[in-house]
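*Asks:*
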Amino acid sequence: MLEWLVLAYRKMCIREWAVVWLSFLAINLVSLDLGMLIGIGVAALNFILNYIQAPVMIQDYSRDARDILEPLVVSRNLGSIAHFEFHGYLFFASVVQLIEGVQKGVYVHKCSNTSDKQKYLPVCALSHNITVECLDGSPAPNSNILPTELVVMDFTHVSGMDATAARGAFLILKKYCGNQGISILFVNVLPKIRKLLLKNEVTSKESFYDTMNAALEFCESHLSNGR
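The sequence shown: position 22 = 22 (the UniProt record's numbering), numbered continuously.
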């Protein structure tokens with residue numbers, strides 16, 4: 001109880017933390033059922049306020065982004081670099097789509113030994129024909145594709161995010177990629193979203209880049225030094 005009412009403040013926005021407190025007070029001041037309904041109503045109101053405060057127009061879209069119908073996750077593969085563009089407001093209902101979208105676009109070494117073929121284990125070394133699979137264990141679209149070494153997450157078109165998405169999606173993806181030795185870079189993240197990611201220990205300050213060019217320059221340098 002102490003963790004949710006007090007310590008959770010460090011990992012939530014003030015408004016989300018207020019929702020937790022209001023829900024707790026409602027349940028204790030009235031009946032359990034009515035208190036839960038009040039809590040749901042307050043949470044829905046908070047979501048609506050966050051959503052309507054998000055910008056409705058984002059200028060300077062790239063040509064590629066304009067040509068796409070802008071789904072929640074846009075994935076591109078640049079050799080050993082997996083590039084993802086996120087769009088819109090990321091919240092609890094986006095978690096599954098975020099995780100599935102990223103896992104399908106990240107490729108890892110596929111162990112030949114069936115006893116080692118488990119999801120999210122460290123990369124195993126293969127002496128001949130290195131085959132790859134998606135991070136979720138499903139077959140890769142191309143057997144000759146390079147394993148992913150770096151993941152670049154572009155937040156240019158993200159208008160907002162709640163704590164559920166930060167912990168339920170990006171913290172999990174950090175662990176999955178970390179188990180494979182894959183680093184994640186974050187590009188053009190709004191200050192409030194950056195603060196939320198740091199609060200939930202999703203990443204460190206060094207992983208944020210203001211522009212895509214800066215992130216790609218780091219990737220190029222990292223890959224060159226690794227060869």
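Note that the Cβ used here is the ideal one computed from N, Cα and C, for glycine as well.
#1: Here's a check: name, in chain order, each residue in its chain whose Cβ is nearer than 8 Å to the Cβ of residue 245, leaving out the five neighbours to either side.
#2: Are the CB atoms of residue 83 and residue 158 within a distance shorter than 8 Å?
#3: Whether or not the region 99-113 and the region 138-155 are in contact is what I'm after, with contact meaning three or more pairs of Cβ atoms, one per stretch, closer than 8 Å; do they touch?
#4: Quick test of your reading: residue 161 and residue 193, contact by CB under 8 Å. State the CB separation rounded to the nearest angstrom.
#5: Can you say whether residue 175 is buried or exposed, counting buried as having 16 or more other CB atoms within 10 angstroms of its CB?
#6: Give me the Cα-Cα distance between residue 155 and residue 202, rounded to the nearest whole angstrom.
#7: Could you have a look at residue 182 and say whether DSSP puts it in helix, strand or coil?
#8: How far does the beta strand (DSSP E) with residue 133 in it reach, from first residue to last?
#9: Specify the secondary structure class of residue 164 as computed by DSSP and reduced to three states.
#10: Since I believe residue 200 is in contact with residue 171 (beta carbons under 8 Å), could you give me their beta-carbon distance rounded to a whole number of angstroms?
#11: Using the three-state DSSP reduction, which class does residue 224 fall into: helix, strand or coil?
#12: For residue 26, I'd like the list of residues in its chain whose CB is within less than 7 Å of its CB, leaving aside the five on either flank, ordered along the chain.
*Replies:* Put simply:
#1: The structure shown does not extend to residue 245, since the chain spans only 1 to 227, so no value can be given for it.
#2: no
#3: yes
#4: 5 Å
#5: When all chains shown are included, residue 175 counts as exposed.
#6: Looking at the backbone, the Cα of residue 155 and that of residue 202 are separated by about 15 Å.
#7: coil
#8: Unbroken beta strand (DSSP E) run through residue 133: 132-134.
#9: helix
#10: 6 Å
#11: helix
#12: Same-chain partners within the cutoff: 35, 38, 39.
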